[in-house]
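Chemist: Would you mind keeping the following structure in view while I ask a few things?
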Amino acid sequence: MVDDRLWGKAKGLERPYPLVGHLVDTALVAGALWDEALEAGQRERISAALGLDVRDTRSVVMLWAGLHDIGKIMPVFQDAARDEHPGHCGFLDEPRYTHDRSRDSQVGRVGHEHATAKAVPGLLGGLGYPEDGMAEYQLRCQVGQILGGHHGRYPLGIEEDELEVTDGGMVELGGGAWAQERREHVALLRDLLGEPAVPQVEAVPVACAVVIAGLVIVSDWLASQEYVVEGQLTAWFSCPEPGTPRAVRAHAAQMSAHAPGIVADAGLSRSAFRTQEFADQFPEITDPHPLQRSVEQGLRGRVSGPGILLVTAPTGEGKTEVALHAATVLGDAVGGSGVLFALPTQATANQMYERVRGFALRNLTDSAQITLTHRDADFNERYQPGDESSGAEEADNPESRVLSHDADRETGSRGDGVSVEASHWLRQRWRGLLAPISVGTIDQALMGVLPLRYNALRHLGLAGKTVVVDEAHSYDAFTHALLLRLLNWLGGMGVPVILLSATLTGETARGLVRAYLTGAGHSLSVEMPTPGYPGWLYADGRTGAFVSPSAPVGTVRSRDLDITVRRVTHTYETAVPNGRLDIVLRELDQVVRTGGCAAVICTTVGEAQDTYAALREHLAGIHGPGYTGWDDRASGTGEVPGDGTLLRLLHSRFPTYRRAELTAEAEAWFGRGDKKGARRPPLPRGAILVATQVIEQSLDLDFDLVLSDLAPMAQLLQRAGRVWRHAATPRPAWAAGPRLVVLASPADGTTRAPRSWGDVYSDSLLQRTEELLTARRGATVAIPGDVQALVDGVYDEEFRSRSPEELLKRDIDRLGDDLARQGLASLVMIAPPSLADLHGLTASEADADLIATRLGAETVQLLPIYEKQDGHRWLDEACTIPLPPSGRGRNGRFTRAEVRALLNLVVPYRHGAWHAARTAEHHPPTAWRKEPRLARIVFLPHRVTGQGALGSSFGDLSLRVDHALGLRASSV
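Take the sequence shown: its letters are residues 197 to 1168, numbered as in the working numbering.
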């Protein structure tokens, strides 16, 4: 009989909760997770690795999960409750629990998770687990490492000599009664679980071990929720004879009944789609595009396990629908239907969330929760719980805690489990990927191949899904290297993958597929085919065989694109012939005079702001002093504000709320005409959007004309996808066909980026792109026929340049930079699954949020603050919303709603030397620094005067926020 005075949870409780109760709770929750959340394919992979059937494997994994806290039967841990519960802990002074504490480590307290890692190999050996061979190949040692990682970091593996002494050579574990109680707890738990089988295998593949580790962590977190522990504690001591075998068995029966509900409340489940027929999934598409038909027909009956599907096609060919359809097919083939849609930016992820949500609502057979996973997802208004949910309560009340005496813990609570809305539990840190369906930024998946804490949760989340990587062409060398390693891991884990791209070179495409198949165990001795354009290629993860279309994939969007290269001098002086502004004004003249929609895409935010300001001044000269087409706050005629040519600016340096407003407005003006909320300006009124690269991806915008600064070929073709995107859009008379105007160097053969562009693009790629376009001598580009040749041509090793010596220098610089980025990625990412050890998967102390930021771009969040002469500070220029020194919550803490409202006002700006010039006025109040999401904010004071608001200086940098321009940066 176990001693139920040994406690597992004590902090904040009326009385300590017995450890045996928590071990039983965790084991039974693990069983419910196995049944309700883990996909069938992953259950089968783990079972095969252990050499057992699925039913026996379930019991084994439950036993392991229950043993995660066995290291709490240790004097130093049990002593931790003496201050809070001195009466209860009196039993520790009994003779049987005598322990010589002078022998314990004097450096620091030994964590119970490390104690578990040392104790488990011996305890499992006592159950008959194989003890032959080196420690690193013994399953019992690997299980110790898995369980020792339940606080997010895998410990080092146990050494050979430690296996030869009691309890792994850790004296802190204690001998005598301590060792006996550990054995008794194991025996009781094993008996309650029906004496699970003993696997007679070596250590399982790391790709399986990480999934088990993730399941153990989640089981512990769910069983440790405050409401669960308090309920179980009450029930435990309500029994007439608590702690007896009979009472423990009754306790287990009660938790067995409750566990599925605990799992469901957290939002953890499997998704199931009602059909795999494209026409039924997308009834609104009465005439599918050729690409959509080809993929549906080509995959039918050809997918029997994990694999990778590569889809290459221009924008507008329906790749998103292809991916969602294929995800249901590939997922079904591996016994799972979860989906992760990974995109390059938060903006594109926010857009895709709406589309995936709509697809799920139409096609799920039952409720399954969808998470939006990126750093700022929780502050996206469209991702907030509905009115019928507990959103208000979540915003203003404390969250349910995960009770722990050791590490700092993220919180959790019961979710609403309604429709496809994510539960509160799933919205917390580290948990988003655990939902059946997720949409997020690519960094959320890429962090799975960086050695970060709680990596196992990312691996568990990825394991049950088909992973869709959109815009696979759009990453730099560092991120691309991480993507290759991620594909390698997904191949090893048997996770289906879908890659989508509009402009991917053939060699890059082959490299991505090769990385996946290598992870799946294939050497790739056969030649890999290159997909057509548009086209697709499927590679079977089990056999290594390839499937491709039986016939060329057609298109209904075939068109001839006029790419006009205009040579400009980079100046905003209209008097300079062929100056940049002069050419822009001339090209836009017909839009201003007779109507239509045009975009001007600039390389940097500063260039976009200058272009917008010059256009506004020019339009005021045309329309007169009453021109208000630029001002969204002005009243006007019809459905759009202001009078005269509509003019807007869109880039990344607007306050969060303002960027959302501008994006929504752009989608309404320039989006598909039959879309809800569309209000394209009626002719003859013109509309011009000045923007940066933010409109390249995922935004469904359709212009009559696009002007673009010179950019690499792939980016130019992406931008061309925004010209004449929809056939049904009415066009002005002057627009004879789709046209892209490229603003290039002033003279042939002098390609060089303006100094103001910095290192946004490689001079090598700019020169190659300009020379390729010039060599066409005005010939139109056939879309999609010429696209692949143009994209591949830029990277051709035999490229014939008019300035070969200059190009060689630039190529060396570009390749050197790529190699440096690839080398950095190699230094920081985890090893491939075939070579990885568990400890190395979580060895970094880096902060995951910081890593996520740097995977995109290292930015600082600036909060504009407005000050009057009286010294009062406000959140708005009109000085109507006072700056809160603290929150409305307990002890001055900010509620979630308050944090969300404040972050809606922040503006991102690149990190740099200016950051070191901050002074006291730039730091938030003390109460703000207690909130993780507010602590790093930098105040940007504005002095309100009769002439407007004046910004702040950081050394020689001046920053100011303007309603129409966004954050303006200039040298002092």
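Positions of the beta carbon are idealized from the N, C-alpha and C atoms, including for glycine.
Work out the CA separation of P928 and L843 for me, nearest whole Å.
Modeler: Within the sequence shown, numbered from 1, the residue matching residue 843 stands at position 647. Within the sequence shown, numbered from 1, the residue matching residue 928 stands at position 732. Distance between the alpha carbons of L843 and P928: 18 Å.
Chemist: Per the contact definition of three or more C-beta pairs closer than 8 Å, is the stretch 276-293 in contact with the stretch 245-263?
Modeler: no
Chemist: If you count every other CB in all the chains shown that lies within 10 Å of the CB of H1159, and 16 or more means buried, which is it?
Modeler: As a first step, residue 1159 is located in the sequence shown; it is residue number 963 there, counting from the start. That one is exposed.
Chemist: Tell me the rounded alpha-carbon separation between W732 and Q338.
Modeler: Along the sequence shown, one-based indexing puts residue 732 at 536. Along the sequence shown, one-based indexing puts residue 338 at 142. If you take the alpha carbons of W732 and Q338, they lie about 41 Å apart.
Chemist: Which residue comes first and which comes last in the beta strand (DSSP E) that contains I797?
Modeler: On the sequence shown, position 601 is the one that residue 797 refers to. Secondary structure note for I797: its beta strand (DSSP E) is the uninterrupted segment G792 to I797.
Chemist: Which runs of the alpha helix (DSSP H) spanning at least 4 residues fall entirely within the stretch 744-811, listed in chain order?
Modeler: 776-790
Chemist: Pair every Cβ in the stretch 463-470 with every Cβ in the stretch 488-508, then say whether three or more of these pairs are closer than 8 Å.
Modeler: no
Chemist: So Q914 and T675 are supposed to be a Cβ contact under 8 Å. How far apart are they, rounded?
Modeler: Stepping through the sequence shown from its first residue, residue 914 is reached at position 718. Stepping through the sequence shown from its first residue, residue 675 is reached at position 479. Between T675 and Q914 the Cβ distance is about 17 Å, and since that is not below 8 Å, they are no contact.
Chemist: According to the neighbour-count rule (16 or more other Cβ atoms, all chains shown, within 10 Å of its Cβ), is F287 buried or exposed?
Modeler: In the sequence shown, residue 287 corresponds to position 91, counting from 1. F287 is exposed by the Cβ-count criterion.
Chemist: Quick check: the Cα distance between I750 and A556, rounded to an integer number of angstroms?
Modeler: The residue given as residue 750 occupies position 554 in the sequence shown. The residue given as residue 556 occupies position 360 in the sequence shown. Note that residue 750 is Gly in the sequence shown here, rather than Ile. Each residue's alpha carbon lies about 28 Å from the other.
Chemist: Starting from the C-beta of F273, find all residues in its chain whose C-beta is less than 6 Å away, skip the five residues before and the five after it, and write them out in chain order.
Modeler: One-based indexing of the sequence shown puts residue 273 at position 77. Hits under 6 Å: H308.
Chemist: Are the CB atoms of A261 and V1182 within a distance shorter than 8 Å?
Modeler: With the chain represented from 197 up to 1168, any question about residue 1182 goes unanswered, as that position is not in the structure.
Chemist: From what residue to what residue does the alpha helix (DSSP H) around K515 run?
Modeler: Translated into the one-based positions of the sequence shown, residue 515 becomes position 319. From DSSP, the alpha helix (DSSP H) with K515 extends over K515 to A529.
Chemist: Could you please give the first and the last residue of the uninterrupted beta strand (DSSP E) stretch that includes R241?
Modeler: Counted from its first residue, the sequence shown places residue 241 at position 45. Boundaries for R241: no beta strand (DSSP E) harbours it, while the alpha helix (DSSP H) harbouring it runs A236 to L246, taken from the DSSP string.
Chemist: Going straight from the alpha carbon of E452 to that of V225, what length do you get?
Modeler: Here residue 452 refers to the residue found at position 256 of the sequence shown. Here residue 225 refers to the residue found at position 29 of the sequence shown. Before going further, note that residue 452 is Ser rather than Glu in the sequence given. A straight-line Cα-Cα distance of about 8 Å links S452 and V225.
Chemist: Give the DSSP-derived three-state secondary structure of A907 in the structure shown.
Modeler: Looking up residue 907 in the sequence shown gives position 711. Note: A907 maps to coil in three-state DSSP.
Chemist: Just the Cα atoms here: how many angstroms apart are W203 and A315?
Modeler: Locating residue 203 in the sequence shown gives position 7, counting from the first residue. Locating residue 315 in the sequence shown gives position 119, counting from the first residue. Taking the straight line from one Cα to the other gives about 18 Å.
Chemist: Out of curiosity, what's the CA-to-CA distance linking D672 and L1011?
Modeler: Here the question's residue 672 lines up with position 476 in the sequence shown. Here the question's residue 1011 lines up with position 815 in the sequence shown. When rounded, the distance between both Cα atoms is 12 Å.
Chemist: Suppose you measure from the CA of G370 to the CA of V552; what does that come to, to the nearest Å?
Modeler: Translated into positions along the sequence shown, residue 370 becomes position 174. Translated into positions along the sequence shown, residue 552 becomes position 356. Their backbone Cα atoms lie some 54 Å apart in a straight line.
Chemist: Three-state secondary structure (DSSP) at I884?
Modeler: On the sequence shown, residue 884 is found 688 positions in, with the first residue counted as 1. Strand.
Chemist: Short of 6 Å in beta carbon distance, which residues of its chain neighbour L901, apart from the five on each side in sequence? Order them along the chain.
Modeler: The count along the sequence shown starts at 1 and reaches residue 901 at position 705. Closer than 6 Å at the Cβ level, and outside the excluded window around L901, lie A794 and R935.
Chemist: With the cut-off set at 8 Å, would you say S952 and G802 are in Cβ contact?
Modeler: By 1-based counting over the sequence shown, the position of residue 952 is 756. By 1-based counting over the sequence shown, the position of residue 802 is 606. Going by C-beta atoms, S952 is nearer than 8 Å to G802.
Chemist: Cβ atoms of E966 and L1059: under 8 Å apart, would you say?
Modeler: Along the sequence shown, read from residue 1 onward, the residue named residue 1059 stands at position 863. Along the sequence shown, read from residue 1 onward, the residue named residue 966 stands at position 770. Their beta carbons are not under 8 Å apart, which means L1059 does not touch E966 by this criterion.
Chemist: Taking the alpha-carbon of D1033 as reference, which of I633, V400 and E783 has the nearest alpha-carbon?
Modeler: Translated into positions along the sequence shown, residue 1033 becomes position 837. The candidate whose alpha carbon is nearest that of D1033 is V400.
Chemist: Buried or exposed, going by whether 16 or more other CB atoms sit within 10 Å of the CB of N1087?
Modeler: Within the sequence shown, the letter at position 891 stands for residue 1087. Exposed, because fewer than 16 other Cβ atoms sit within 10 Å of the Cβ of N1087.
Chemist: Have a look at D1152, L1031, M1025 and D200 and flag the residue whose alpha-carbon is nearest the alpha-carbon of L678.
Modeler: Position 482 of the sequence shown, counted from the first residue, corresponds to residue 678. That would be M1025, whose Cα lies nearest to the Cα of L678.
Chemist: Are W432 and H447 close, meaning C-beta to C-beta below 8 Å?
Modeler: For the purposes of this step, residue 432 is taken as the residue at position 236 of the sequence shown. For the purposes of this step, residue 447 is taken as the residue at position 251 of the sequence shown. The answer is yes: Cβ separation under 8 Å.
Chemist: Return the residue from the list Y549, R706, S465 and R710 that minimises the CA-CA distance to G687.
Modeler: If you number the sequence shown from 1, residue 687 lands on position 491. For the residues Y549, R706, S465 and R710, the minimum Cα distance to G687 belongs to R710.
Chemist: Which term fits K1064, buried or exposed, when burial requires 16 or more other beta carbons within 10 angstroms of its beta carbon?
Modeler: Working through the sequence shown from its first residue, we reach residue 1064 at position 868. Answer is exposed; the Cβ neighbour count stays below 16.
Chemist: Name, in chain order, the residues that DSSP records as bridge partners for Y1105.
Modeler: Here residue 1105 is taken as the residue at index 909 of the sequence shown, counted from 1. Y1105 is bridged to V1056.
Chemist: Within this structure, are the beta carbons of L464 and A233 separated by less than 8 Å?
Modeler: Within the sequence shown, residue 464 is the residue found at index 268, counting from 1. Within the sequence shown, residue 233 is the residue found at index 37, counting from 1. Yes.
Chemist: So, for L320: in the same chain, excluding its five sequence neighbours on each side, which residues have a beta-carbon less than 7 Å away from its beta-carbon?
Modeler: Sequence index remark: in the sequence shown, residue 320 carries index 124 (1-based). Correct list, in chain order: R336 and V339.
Chemist: Taking the CB atoms as reference points, tell me whether R882 and A874 lie closer together than 8 Å.
Modeler: The residue given as residue 882 occupies position 686 in the sequence shown. The residue given as residue 874 occupies position 678 in the sequence shown. One detail in the question is off: residue 882 reads as Gly in this sequence, not Arg. Contact: no.
Chemist: Give the C-beta separation of V691 and P502 to the nearest angstrom, bearing in mind that I take them to be a contact with Cβ-Cβ under 8 Å.
Modeler: Here residue 691 corresponds to residue number 495 of the sequence shown, with the count starting at 1. Here residue 502 corresponds to residue number 306 of the sequence shown, with the count starting at 1. Correct: roughly 6 Å between the Cβ atoms.
Chemist: Name the DSSP beta bridge partners of L506, please?
Modeler: Locating residue 506 in the sequence shown gives position 310, counting from the first residue. Partner(s): L695 and L733.
Chemist: Have a look at the DSSP bridge pairing and note the partners of E398.
Modeler: Here residue 398 refers to the residue found at position 202 of the sequence shown. Partner(s): Q334.
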